[in-house]
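Trainee: As given, the protein sequences belong to chains S and Y, one line each in that order. Each residue of the first sequence is one higher than the one before, starting from 18 at the first, in this note's numbering. Each residue of the second sequence is one higher than the one before, starting from 18 at the first, in this note's numbering. Got a structure here, written out as structure tokens. Questions coming.
Number of protein chains: 2
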Amino acid sequence: MAFELREGIAVLERTPATFRALLGGLPAAWITCDEGPDTFSPFDNLGHLIHGERTDWIPRARIILAQGVTRRFEPYDRFAQSRESAGKTLAELLDEFTALRAANLDTLRSWNLAEAQFSLEGEHPALGTVTLRQLLATWVAHDLGHIAQTTRVMAKRYRDTVGPWREYLPIVNR
Amino acid sequence: MAFELREGIAVLERTPATFRALLGGLPAAWITCDEGPDTFSPFDNLGHLIHGERTDWIPRARIILAQGVTRRFEPYDRFAQSRESAGKTLAELLDEFTALRAANLDTLRSWNLAEAQFSLEGEHPALGTVTLRQLLATWVAHDLGHIAQTTRVMAKRYRDTVGPWREYLPIVNR
């Protein structure tokens, strides 16, 4: 599957509205539920995406595009949102994510990337050499993964309540 | 986890807007991708939810609430949407799902269910005796499962494009 920037952006620009439609105004029990210690609630998923907007995708793309002497990315803190989201409401996180994502996509579009630039390389601290194309495709798949994770965490609240239907609902059994 | 109707409805009423935010206006490649023969594309997921609005949740709840001599549900056709969605656009399916879901939730609310009614029973053709509570909880979890399935199918388009990040993205490996 080749990567087409236009297609990737089409998903990226929809994710904030998807989270807003899915979570905005829900009773708190749906927002704070999780799968046990060190797992993400829907609230945590949103905070994690916000942290990625600040520190991951665009900053790493900048490192790749600069092609400086060192092209090594900063390690990514998967649990940063527990600090950064503290005291915030879901509505605040939805607004923050919406604004950050829009600004980051403006930046991405402003680069007017040429085909050859998608093959430029950076250095992931654990995975080694990666390309800009791989980074941008991962941004998209990562969004989709966190929508899926959010709905899975929610569905599991009803794992027992669904009774014998559990057999037909793989999502509550993962 | 007890079932609170208000909480369940809060999810059910958001699902059409979630699909609209996620899929509305996307390039066709995202709408028609699937995981192979006899698997659901995002378009199929939406058609499947529409079929459920027509034939599954509310009709089965009616059978339970009527408590007639026979309380056996009609079997559910998991692939009905391949006929019923034929020739329709995604925008048409989004509108159809939105209208059907709103009407079905109006019906559900109009019943003003008393606590004891949630324990009334019906007969699932394969699973045997089930309660109204289990049926309604399953409606909610089923929605969430199909949001997750839709995003998983989409994420898998980039299974190879993400390169070494595949290791960090369980969604593309399922």
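Note that CB positions come from ideal geometry on N, CA and C, so glycine has one too.
Should F96(S) go down as buried or exposed, given a rule of 16 or more other Cβ atoms within 10 Å for buried?
Mentor: As a first step, residue 96(S) is located in the first sequence; it is residue number 79 there, counting from the start. Exposed: under 16 other Cβ atoms inside 10 Å.
Trainee: So with Cβ pairs under 8 Å, would you call W74(Y) a contact of chain S?
Mentor: The residue labelled residue 74(Y) in the question sits at position 57 within the second sequence. No, because no Cβ of chain S sits closer than 8 Å to the Cβ of W74(Y).
Trainee: Give a yes or no on contact between the stretch 137-155 of chain S and the stretch 151-167 of chain Y, applying the rule of three or more CB pairs nearer than 8 Å.
Mentor: They do not touch, by the three-pair rule.
Trainee: Quick check on L161(Y) - is its C-beta less than 8 Å from some C-beta in chain S?
Mentor: Residue 161(Y) sits at position 144 when you count from the first residue of the second sequence. Yes, L161(Y) counts as interfacial toward chain S.
Trainee: Can you name, in chain order, every residue of its own chain whose Cβ lies under 7 Å from the Cβ of I80(Y), other than the five neighbours on each side?
Mentor: Stepping through the second sequence from its first residue, residue 80(Y) is reached at position 63. Only R88, F90 and G139 meet the Cβ criterion.
Trainee: Grab me the residues of R150(S)'s own chain with a C-beta within less than 8 Å of its C-beta, minus the 5 sequence neighbours each way, in chain order.
Mentor: For the purposes of this step, residue 150(S) is taken as the residue at position 133 of the first sequence. Correct list, in chain order: F20, F135 and S136.
Trainee: Applying the 10 Å Cβ sphere with the 16-neighbour rule, what's the burial state of V170(Y)?
Mentor: Here the question's residue 170(Y) lines up with position 153 in the second sequence. It is buried - the Cβ of V170(Y) has at least 16 other Cβ atoms within 10 Å.
Trainee: Across the stretch 65-84 of chain S and the stretch 51-70 of chain Y, are there enough close Cβ pairs to call them in contact, namely three or more that are closer than 8 Å?
Mentor: Taking 8 Å as the limit for Cβ pairs, the verdict is that the stretch 51-70 of chain Y does not touch the stretch 65-84 of chain S.
Trainee: Please identify the residue among A83(Y), A46(Y), G41(Y) and R191(Y) whose C-alpha is closest to the C-alpha of L107(Y).
Mentor: As a first step, residue 107(Y) is located in the second sequence; it is residue number 90 there, counting from the start. Comparing Cα positions, the closest option is G41(Y).
Trainee: Looking at the C-beta of L22(S), does it have a partner C-beta in chain Y at a distance below 8 Å?
Mentor: For the purposes of this step, residue 22(S) is taken as the residue at position 5 of the first sequence. False, the Cβ-Cβ gap to chain Y never drops below 8 Å.
Trainee: In terms of residues, what are the limits of the beta strand (DSSP E) holding V147(Y)?
Mentor: Counting from 1 along the second sequence, the entry for residue 147(Y) is found at position 130. Note, V147(Y): beta strand (DSSP E), G145 to T148.
Trainee: Reducing DSSP to helix, strand and coil, say where E91(S) ends up.
Mentor: Looking up residue 91(S) in the first sequence gives position 74. Three-state result, E91(S): coil.
Trainee: What is the residue span of the alpha helix (DSSP H) that E140(S) lies within?
Mentor: Reading the first sequence from its first residue, position 123 is the one you call residue 140(S). That residue, E140(S), is in no alpha helix (DSSP H); its beta strand (DSSP E) goes E138 to H141.
Trainee: If we count the other Cβ atoms within 10 Å of its Cβ and call it buried at 16 or more, is E109(S) buried or exposed?
Mentor: On the first sequence, residue 109(S) is found 92 positions in, with the first residue counted as 1. Answer is exposed; the Cβ neighbour count stays below 16.
Trainee: Quick one: what does DSSP say W74(S) is sitting in, helix, strand or coil?
Mentor: By one-based count along the first sequence, residue 74(S) stands at place 57. Looking at W74(S) - three-state DSSP - the assignment turns out to be helix.
Trainee: Kindly say whether I2(S), judged by its beta-carbon, lies nearer than 8 Å to any beta-carbon of chain Y.
Mentor: This structure leaves residue 2(S) out entirely; chain S is present only between 18 and 191.
Trainee: Answer yes or no: does any C-beta atom of chain Y fall closer than 8 Å to that of V179(S)?
Mentor: Numbered from its first residue, the first sequence carries residue 179(S) at position 162. At least one chain Y Cβ lies under 8 Å of V179(S).
Trainee: At a CB-CB cut-off below 7 Å, which residues of chain Y make contact with V157(S)?
Mentor: Taking the first residue of the first sequence as position 1, residue 157(S) is located at position 140. Neighbours of V157(S) on chain Y, chain order: Y175.
Trainee: Could you confirm whether any beta carbon from chain S is found closer than 8 Å to the beta carbon of I80(Y)?
Mentor: Residue numbering aside, residue 80(Y) sits at position 63 when the second sequence is read from its first letter. No, its Cβ sits nowhere closer than 8 Å to a Cβ of chain S.
Trainee: Sort K173(Y), D112(Y) and I164(Y) by Cα distance to I188(S) and report the nearest one.
Mentor: On the first sequence, residue 188(S) is found 171 positions in, with the first residue counted as 1. Here the closest residue by C-alpha is I164(Y).
Trainee: I'd like to know whether the C-beta atoms of C50(S) and R174(S) end up nearer to each other than 8 Å.
Mentor: Taking the first sequence and counting its residues from 1, one reaches residue 50(S) at position 33. Taking the first sequence and counting its residues from 1, one reaches residue 174(S) at position 157. For C50(S) and R174(S), yes; Cβs fall inside 8 Å.
Trainee: If the cut-off is 8 Å on Cβ atoms, which residues from the stretch 43-70 of chain Y count as contacting chain S, listed in chain order?
Mentor: Listed in sequence order: L43, P44, A46 and W47.
Trainee: Just to make sure I have the definition right: I need the residues of chain Y whose C-beta is within less than 7 Å of the C-beta of T35(S). Which are they?
Mentor: For the purposes of this step, residue 35(S) is taken as residue 18 along the first sequence, with counting starting at 1. Result: T35, A38 and L39.
Trainee: Would you say R150(Y) reaches chain S, if we count a Cβ-Cβ gap shorter than 8 Å as a contact?
Mentor: Taking the first residue of the second sequence as 1, we reach residue 150(Y) at position 133. Yes, contact with chain S.
Trainee: Taking only the alpha-carbon atoms, compute the straight-line gap between P33(Y) and R118(Y) and give it to the nearest angstrom.
Mentor: As a first step, residue 33(Y) is located in the second sequence; it is residue number 16 there, counting from the start. As a first step, residue 118(Y) is located in the second sequence; it is residue number 101 there, counting from the start. About 8 Å.
Trainee: Would you kindly work out how many angstroms separate the C-alpha atoms of L122(Y) and P142(Y), rounded to a whole number?
Mentor: Against the second sequence, residue 122(Y) aligns to sequence position 105. Against the second sequence, residue 142(Y) aligns to sequence position 125. Taking the straight line joining both Cα atoms gives about 25 Å.
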